[in-house]
Structures are given as structure tokens and as C-alpha cells.
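A.B. asks:
2 protein chains.
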Amino acid sequence: MGRGHMARRNTNRRVGIADVAEKAGVSHATVSRVMNGNAAVDPGIAARVRAAAVELKYQPNPVGRSLALGKTDTIGIVVPDLANPTFQAILRGLSIAAAQDGYRVLIADSSEVTSEEAILAGEARRRCDGVVLCAPRMSDAELEELAPTLHPLVLINRTTVATNTPSLSVDYGQGIQELAQHLVTLGHRRLVFLSGPEHSASNRQRLVGLDQFRKEHPEIELQMLHGGSNFDSGHESTEAIISSGATGILAFNDLVAMGLLSGLHERGIRVPEDISVTGFDDIPFAKYTTPPLTTAAVPINELGSLAWRRMREQIQQAGEAATQAQDEFSPRVEIRKSTAAPALTPA
Amino acid sequence: MGRGHMARRNTNRRVGIADVAEKAGVSHATVSRVMNGNAAVDPGIAARVRAAAVELKYQPNPVGRSLALGKTDTIGIVVPDLANPTFQAILRGLSIAAAQDGYRVLIADSSEVTSEEAILAGEARRRCDGVVLCAPRMSDAELEELAPTLHPLVLINRTTVATNTPSLSVDYGQGIQELAQHLVTLGHRRLVFLSGPEHSASNRQRLVGLDQFRKEHPEIELQMLHGGSNFDSGHESTEAIISSGATGILAFNDLVAMGLLSGLHERGIRVPEDISVTGFDDIPFAKYTTPPLTTAAVPINELGSLAWRRMREQIQQAGEAATQAQDEFSPRVEIRKSTAAPALTPA
DNA sequence: ACGCTCTGAGAAAACGCTTTCTCATAATTC
DNA sequence: GAATTATGAGAAAGCGTTTTCTCAGAGCGT
Numbered sequence: 000m001g002r003g004h005m006a007r008r009n010t011n012r013r014v015g016i017a018d019v020a021e022k023a024g025v026s027h028a029t030v031s032r033v034m035n036g037n038a039a040v041d042p043g044i045a046a047r048v049r050a051a052a053v054e055l056k057y058q059p060n061p062v063g064r065s066l067a068l069g070k071t072d073t074i075g076i077v078v079p080d081l082a083n084p085t086f087q088a089i090l091r092g093l094s095i096a097a098a099q100d101g102y103r104v105l106i107a108d109s110s111e112v113t114s115e116e117a118i119l120a121g122e123a124r125r126r127c128d129g130v131v132l133c134a135p136r137m138s139d140a141e142l143e144e145l146a147p148t149l150h151p152l153v154l155i156n157r158t159t160v161a162t163n164t165p166s167l168s169v170d171y172g173q174g175i176q177e178l179a180q181h182l183v184t185l186g187h188r189r190l191v192f193l194s195g196p197e198h199s200a201s202n203r204q205r206l207v208g209l210d211q212f213r214k215e216h217p218e219i220e221l222q223m224l225h226g227g228s229n230f231d232s233g234h235e236s237t238e239a240i241i242s243s244g245a246t247g248i249l250a251f252n253d254l255v256a257m258g259l260l261s262g263l264h265e266r267g268i269r270v271p272e273d274i275s276v277t278g279f280d281d282i283p284f285a286k287y288t289t290p291p292l293t294t295a296a297v298p299i300n301e302l303g304s305l306a307w308r309r310m311r312e313q314i315q316q317a318g319e320a321a322t323q324a325q326d327e328f329s330p331r332v333e334i335r336k337s338t339a340a341p342a343l344t345p346a
Numbered sequence: 000m001g002r003g004h005m006a007r008r009n010t011n012r013r014v015g016i017a018d019v020a021e022k023a024g025v026s027h028a029t030v031s032r033v034m035n036g037n038a039a040v041d042p043g044i045a046a047r048v049r050a051a052a053v054e055l056k057y058q059p060n061p062v063g064r065s066l067a068l069g070k071t072d073t074i075g076i077v078v079p080d081l082a083n084p085t086f087q088a089i090l091r092g093l094s095i096a097a098a099q100d101g102y103r104v105l106i107a108d109s110s111e112v113t114s115e116e117a118i119l120a121g122e123a124r125r126r127c128d129g130v131v132l133c134a135p136r137m138s139d140a141e142l143e144e145l146a147p148t149l150h151p152l153v154l155i156n157r158t159t160v161a162t163n164t165p166s167l168s169v170d171y172g173q174g175i176q177e178l179a180q181h182l183v184t185l186g187h188r189r190l191v192f193l194s195g196p197e198h199s200a201s202n203r204q205r206l207v208g209l210d211q212f213r214k215e216h217p218e219i220e221l222q223m224l225h226g227g228s229n230f231d232s233g234h235e236s237t238e239a240i241i242s243s244g245a246t247g248i249l250a251f252n253d254l255v256a257m258g259l260l261s262g263l264h265e266r267g268i269r270v271p272e273d274i275s276v277t278g279f280d281d282i283p284f285a286k287y288t289t290p291p292l293t294t295a296a297v298p299i300n301e302l303g304s305l306a307w308r309r310m311r312e313q314i315q316q317a318g319e320a321a322t323q324a325q326d327e328f329s330p331r332v333e334i335r336k337s338t339a340a341p342a343l344t345p346a
């Protein structure tokens, strides 16, 4: 029972195409043809090969396939922070959508280290058939330079001008304006925006939106307060918020709002009776806070699956340079219980 | 300026080792040696090669390397549901720890479809150097059969007897007992356990723990209520909880507890004054609910990084069959504001 | 000055697969 | 029945690396 000429190195080798070929008494090529259904193979032989394959539990080695086919059936995603529910949701949507088409996703977390992003993205690209760059913190110039080298690329929360790479963005500017408008309609006259990370493009968009809002509502007092993007930064801002004297708070996102909510609660300040608070994103937790959070809903699951669709389009087209879609989502204000008319409307 | 014999197929080929070799006037082999610093190379030549490499922006193709080296520097993780913060945290911990050692992670979400788990795990294994199986829902028998085929394998929340694969588990049984004890100590006499998914091994552990608890506290009334593992199932149980007449509620996990918290709030029932609620896991959101949730803290970030350490040990040892560690974590009860003495202790 | 060891670079095999190329055999046509 | 065309399987080239094998030339000792 010789193992043939293949028994050269390891005895406990993983079963390869050669083993199946030997067992079925055919050539490597024929096994490959049968496994991939590529060319016509005599039904009898095909059956023999298939039988040998199942008997040996043969599973083609994906690395070998990848090298031969020039594709890995894998896409990469680079996120600034995997702890952020927004990015988790995008990752999830992407992963599920991609899986439906037989693709897997490789993840890379830049941990908000801007300088790592380009490296991670490049590495991911070399291992994968494409890359999704999620809310990159790098500069526009850097992004512009990097984009072409990544080519099958989908951008989330950023856009490029030079190359026409598909991008998915959310109109944060509009969303924050609508939230501000909501507060004003309720009767609030003194607002605070608790801003997010400086490198965040979406934070800049919110600021631009609020500038616009100021022009349209010169009668409203709108203060800016520096913050971050997580619970803790919201919590830490509690005192500053209280002493601001504002009655309506626009938090950078839901996480910040939740941190703030908890801080206010500890201080015995009632929401929404004393202060109204809004979030942004409508993460799944937002409607379960106490009180449920008024926020601007970003269709976060769709983002992931649409990202995959755009990626797939590029992978399939390969050659033809089609015009790439620039999708923009408008957040929808979700009014819950964390906002209400202020107790005393100042004269 | 001929491209040499390499210009056979695509003009816009990706730059390969051959291009560098040609430019530096050396052989493929030498370029490889320089890039990997494997063998001694004449400093002059090495410099020439390196110069050529940077000029051409040469980056070795990982697929080629993987084939040659028999490793991918990638590990896979299979989770039942990427929407669950617990698994997200594990994924994150794993990803960050692995990245520190130059490894990437490929994710697979079985979406709670038990029959997919084995397939996904197998596929992941073929593409990666190892697999982390996170809270698999499959039967013990299936797991026992699958484990050896996955070999560099780390199990989370499950164990195997046959193969000695390292496993990380949490003593859910003890944790839930401690929470129950906490409620009893506060004066509660009527408790409810709002249980989780049936296929979940950790749910079974909780049930076993509570059986034990019952034996030790025959005087306590402990009801079981069916539920799930997310917000909605907690929210949906609100009525059943209220009509149970219990004053202390042990929710399957923090998500369920949060859903319940919100349901109780809507019904005007105060927590903890009227009813005490506990969660499990101590997800980041738990301390920001209103009121902050009493829960059993699972060291969730450590789980991910420890999973990587165990994986790395196996990858490095390769040959030597070392005894594999079975790590067990004891949850630590985190007392917050969602539990308190019941208003009226029944006679 | 001759032979020996040692250093270092190129040739070639290997990794596991797909696919083109080639050719034998069977099927078809006049 | 001989020439022509389908059909289908094997041989071999490639995919992009690493690594073993081989060998030329430099350095050394006597």
C-alpha cells in the first residue's frame, strides 16, 4: 500500500488533490475539473473522483486556489475602533452580506491611531480582493493618495474626489440641524453641542451643520463643548453641561449621550424635565436607556450591506470603469423621551 | 526599456519579486533572502536589492508566502451572533492581541444557525492557522468530533474531553448563585430567573447553578421564565415578570435586563424600589443604564486576549503536545443601583 | 603555489491548485 | 471504410513566494 511518490516529507500530510487523483486513478487536472465543474468530464470518472474525494474528506486548499485564481474571496475592513457600536454594526452588516455571496471578512482595528490606517489598509488589501475603509481618520491628502492603491475600495463616512471610489456617507450636518430644530421647536433657547473626536470627519460635518443652524437661528444661544466619542467623555462632561445653563444638549453620539444621562442622573438632574438630551446614530441601546433617547437614526445595518453591494459591483466589473455611486443617507430623527419642553421658558 | 521576459500577460501587473530581482540584477532567491533576512547576503547587494524594492514599492504577495510557508498569519473566529456585545468584546480583544503579534483575524458569524457552525469553522480553519470557536451551539457529540479536525483550536464557553484543546470558560453557575445570594441577602424571598436561549451552554450552567442554590435555600421561591438573549426578549417578559409577584429578577444577561428595565419603567414600576433586577456579563453599557445595573462581571476583554495567548502557544509549539490549559473565570458580582432591599418584606 | 574550507549567489524544486496545450480515442460524415 | 471532427484526459506551465541544492570564487593554511 505505498503512498506513491508523494510521501516525501510529512507522513501526516493534509490530504491534497494528488491523493484524490491517485485514489481515483486519474490526474490532478481531472480532479480539479470535477471539483470545479469546469470542463466536461466523463460521468463515470467524475463519480469515481467524487467518491474518492468524499472518502478522503478532501477539501481544496484555499491558499493554493487563491494563488492560482488570483483572488481570495475575502475582503478587508479597517475601522478606527472596534469598541464603537456603530462600527460593530457596520462590520456585522458587511460580514453577513458578504457571507451570502461566499465572501469572508478580515478585520483590522486601527485603535484610532491615524498613522496605522494606511499600513493596515495596504496589508489588508494585499490579502484580500478589496477593502472597506470605515471612517478613516487620515487627512484628505493622505486618503486621496492611498485610495488608488487600494482599488476595489469602498469608503464609509469619507469621500474622495480624484478617483471615483464608491462611498457611503451620512448627512451628519443635516441630522444635527434637525435635532437642534427639534429642541428649538420644543421651546429650548440655550443649547450645547458636546463635540466628538477632532480627527473625525463626521464631527466636522456636524459642526458645519450647526454653523448653518446658527445662521438660520440667530436668536438661539449655541455653545460648543469639547468631548470625545464614548461613555466616559459624556460622563465627564456632566459638570460642564450643568454649569453651561443650557436646557438642550446635543451629544456627539448615543454613547456620549448615555454617559451624560448617567452623570445627570447621579447629580439628581431630571431628563427631560430639567434638561433635554439628544444622541446620534440610534444604536440598539438608545431606545432602552432611561429615559429612551431622542436621537438621529442612521440606517446602520444597511450601511454594512450596501458597502458589500458596492464592493461586489467593483469586483465583478473588474475591467469596465463604471461610474461609482456616491450614496448619501439622511438620518431620521427619532423622538423618544429624553427631550421635552423646558420647564421654564426664559423670557 | 524592455520589461524583460515577464511582460507576458498583463501590462499593469502588480510588481513581484521578479521585477525587483531584474532591477537589482540578482535572482529571485536573493531578493527573498534580503527581504526575509534569512541567509547572509553581501551588504552591497543587499543594499541594491533594498533600493530596488523601495523604488518599485515592492510588497511581497502574502498568498505566495502563505503557500510557500504553509501559514497564513491569520486566525479565524466563529461566533453565534455578532450583534451580541459579549462576542463583540471577545472579537475585539482577540483582534487586538493577535495584531500585536502580527496576526489578523477572519470572522465568521453563524447567526445562531447551529448547523452552519461546523462548516464555517472548517472553512475558517483551512484559510487560517487556527480557529477560535466562541460559544458554539452545537451538541457535545458534534463538538467532540469536530475539535480534532480544527486543531489549533481555542474553545470559549465550552470544553471537550477527548482532545485536550485549551478552553476558556466562565463559571456562570457560580455567578448566578452569587447574584441570587445577593438578592436574598437584601431580603428578597421571591425570585425569578429569566432564562436564555435553549442551545446556549452558558444558560444550562446557570440552571445547574440555580438548582444548587435551591437546595441551599429551600425557603426561597424561585420561578423560571423562558426568554431569549436580547433586549426584545427582556422587554417582552415585562408582563410575565410583573404578574409573577417576584421582587428579585435574575435576567439571563445584561441585554435582557436592560430590555426588562425599560419595560418596567414604561409600566411605572420603579427599580429598585419595587423590583430589583440583575444582569450578567457587565457589558460596557451596564453601568450607564438608569439605574446602573447590578450584574456579574465577566472579564470580557481578557477573554479575547487570553484566547489569543492560548492560540499562540499552540501555534508555536506545533509539535510538542503540551497539556492544554483549561482556564476558568469566576464572575465578580458588581453591585450597582438596580438592586435594593424590597419595600415590604413579606412575613 | 596547491588544495581545502567557507561564503554567498543562482538554479531549481516545492507549496497546492487551475488552466492551457496537446494528443489519443471515439464519434461522425461522405 | 477512410478522413474529419468532437470529446475528454493527461502533461505541463503557471500563480508568487521560500528554501534546498549546487557550484563558482574567495580566503586560508602549509
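Top to bottom, those sequences are chains E and U.
Heads up, the first sequence is in numbering that gives the first Met the number 0, so the first residue is 0 and it goes up one at a time.
Heads up, the second sequence is in numbering that gives the first Met the number 0, so the first residue is 0 and it goes up one at a time.
From the three backbone atoms N, C-alpha and C, an ideal C-beta is built for every residue, glycine too.
Going by C-alpha to C-alpha distance, which of E/C133, E/L68, E/A23 sits closest to E/W307?
C.D. replies: Here the closest residue by C-alpha is E/C133.
A.B. asks: Tell me, please, whether the CB atom of U/F328 is closer than 7 Å to any CB atom in chain E?
C.D. replies: It does not; no Cβ of chain E falls within 7 Å.
A.B. asks: Would you tell me roughly how many angstroms separate the C-alpha atoms of E/A6 and E/L55, rounded to the nearest one?
C.D. replies: Low confidence applies to E/A6: its pLDDT is 33, below 50, so where it sits in the model is not reliable enough to give any reading.
A.B. asks: Within 10 Å of its beta-carbon, does E/D41 have 16 or more other beta-carbons around it, so buried, or fewer, so exposed?
C.D. replies: When all chains shown are included, E/D41 counts as exposed.
A.B. asks: Spatial neighbours of U/A295 within its chain, please: CB distance less than 6 Å, with the 5 preceding and 5 following residues excluded, ordered by chain position.
C.D. replies: G174, L178, F279, P330, V332.
A.B. asks: Span of the beta strand (DSSP E) holding U/V130?
C.D. replies: It spans 129 to 133 - the beta strand (DSSP E) in which U/V130 sits, taken as one unbroken run.
A.B. asks: Taking a cut of 9 Å between CB atoms, which residues from the region 81 to 95 of chain E lie near chain U?
C.D. replies: Per Cβ criterion, the list reads L81, A82, P84, Q87, A88, L90, R91, S94, I95.
A.B. asks: Less than 6 Å between C-beta atoms, sequence neighbours within five positions excluded: which residues of the same chain meet that for U/L80?
C.D. replies: Contrary to the premise, residue 80 of chain U reads as Asp rather than Leu in this sequence. So the qualifying residues of the chain are E111.
A.B. asks: Skipping 5 residues on each side, what residues in its chain have a beta carbon closer than 8 Å to that of E/E272?
C.D. replies: Only A339, A342 meet the Cβ criterion.
A.B. asks: Less than 7 Å between CB atoms is the rule here; does E/D108 satisfy it with respect to chain U?
C.D. replies: Cβ-Cβ to chain U under 7 Å: yes for E/D108.
A.B. asks: What did DSSP end up calling E/E272 once you bin it into helix, strand or coil?
C.D. replies: It is coil, neither helix nor strand.
A.B. asks: Here's the rule I'm using: 16 or more other beta-carbon atoms within 10 Å means buried, otherwise exposed. How should U/A250 be labelled?
C.D. replies: Buried is the call here.
A.B. asks: For a contact meaning CB atoms closer than 9 Å, what does U/Q58 contact in chain E?
C.D. replies: G121, E122, R125, listed in chain order.
A.B. asks: At 8 Å on the CB atoms, spell out the chain E contacts of U/G258, in chain order.
C.D. replies: Ordered by position in chain E, the residues that pass the 8 Å Cβ test against U/G258 are Y287.
A.B. asks: Taking the alpha carbon of E/E312 as the reference point, which residue from E/D210, E/Q323, E/R64 has its own alpha carbon closest?
C.D. replies: Nearest of E/D210, E/Q323, E/R64 to E/E312, Cα basis: E/Q323.
A.B. asks: Return the CA-CA distance between E/T207 and E/G172, expressed in angstroms with no decimal places.
C.D. replies: Just to set this straight, residue 207 of chain E is Val in the shown sequence, not Thr. Each residue's Cα considered, the two are about 6 Å apart.
A.B. asks: Less than 7 Å between the C-beta atoms of E/L209 and E/G233, yes or no?
C.D. replies: Contact flag unset, no.
A.B. asks: Using only the heavy atoms of the ligand PLP, determine whether one of them is closer than 6 Å to the beta carbon of E/N252.
C.D. replies: Looking for the ligand PLP in the displayed structure turns up nothing, as the structure carries no ligands at all.
A.B. asks: Is DSSP giving E/D326 helix, strand or coil here?
C.D. replies: Of the three classes helix, strand and coil, the one that applies to E/D326 here is strand, per DSSP.
A.B. asks: Taking the alpha-carbon positions, what's the U/V153 to E/E215 distance?
C.D. replies: Answer to the nearest angstrom: the Cα atoms are 58 Å apart.
A.B. asks: Would you mind working out which of E/P217, E/R203, E/S261 sits nearest E/V183, comparing C-alpha positions?
C.D. replies: Minimum Cα distance to E/V183 is reached at E/P217.
A.B. asks: Tell me, please, whether the CB atom of E/S261 is closer than 7 Å to any CB atom in chain U?
C.D. replies: Yes, E/S261 lies at the interface with chain U (some Cβ there is under 7 Å from its Cβ).
A.B. asks: Using a C-beta to C-beta distance shorter than 7 Å, which residues of chain E count as neighbours of U/H264?
C.D. replies: Those within 7 Å of U/H264 in chain E are T289.
A.B. asks: Report yes if the CB atom of U/A391 is closer than 7 Å to the CB atom of U/L90, and no otherwise.
C.D. replies: Outside the displayed span of chain U (0 to 346) sits residue 391 of chain U, for which this structure offers no information.
A.B. asks: Going by C-alpha to C-alpha distance, which of E/P147, E/T113, E/V191, E/S201 sits closest to E/I155?
C.D. replies: Nearest of E/P147, E/T113, E/V191, E/S201 to E/I155, Cα basis: E/S201.
A.B. asks: Identify every residue that forms a DSSP beta bridge with U/E143.
C.D. replies: None, per the DSSP bridge assignment.
A.B. asks: Which residues in chain U have a C-beta closer than 8 Å to the C-beta of E/T71? List them in chain order.
C.D. replies: Chain U residues near E/T71: V62.
A.B. asks: Under the three-state reduction of DSSP, which class applies to U/I314: helix, strand or coil?
C.D. replies: Helix.
A.B. asks: Do U/G226 and U/S194 have their C-beta atoms within less than 7 Å of each other?
C.D. replies: Yes, the Cβ-Cβ distance between U/G226 and U/S194 is below 7 Å.
A.B. asks: Compare the beta carbon distance of U/H150 and E/T289 with 7 Å and say whether it is the shorter of the two.
C.D. replies: Their beta carbons are not under 7 Å apart, which means U/H150 does not touch E/T289 by this criterion.
A.B. asks: Taking its Cβ as the centre, do 16 or more other Cβ atoms sit within 10 Å of E/E21, making it buried, or is it exposed?
C.D. replies: The residue is buried, with at least 16 neighbouring Cβ atoms inside 10 Å.
A.B. asks: Considering only residues of the same chain and omitting the five flanking positions on each side of U/T162, which have a CB-CB separation below 6 Å?
C.D. replies: Result list for U/T162: A146, P147, in chain order.
A.B. asks: Less than 8 Å between C-beta atoms, sequence neighbours within five positions excluded: which residues of the same chain meet that for U/Q325?
C.D. replies: Once the five neighbours on either side are set aside, the close Cβ partners of U/Q325 are T158, P165, S166, S168.
A.B. asks: Helix, strand or coil, according to DSSP, for E/Q87 in the structure here?
C.D. replies: Three-state result, E/Q87: helix.
A.B. asks: How about E/P84 and E/I268: do their beta carbons lie closer than 7 Å?
C.D. replies: No, the pair does not count as a contact, with Cβ atoms beyond the cut-off.
A.B. asks: Could you confirm whether any beta carbon from chain U is found closer than 7 Å to the beta carbon of E/R103?
C.D. replies: Closer than 7 Å to some Cβ of chain U, the Cβ of E/R103 qualifies, so yes.
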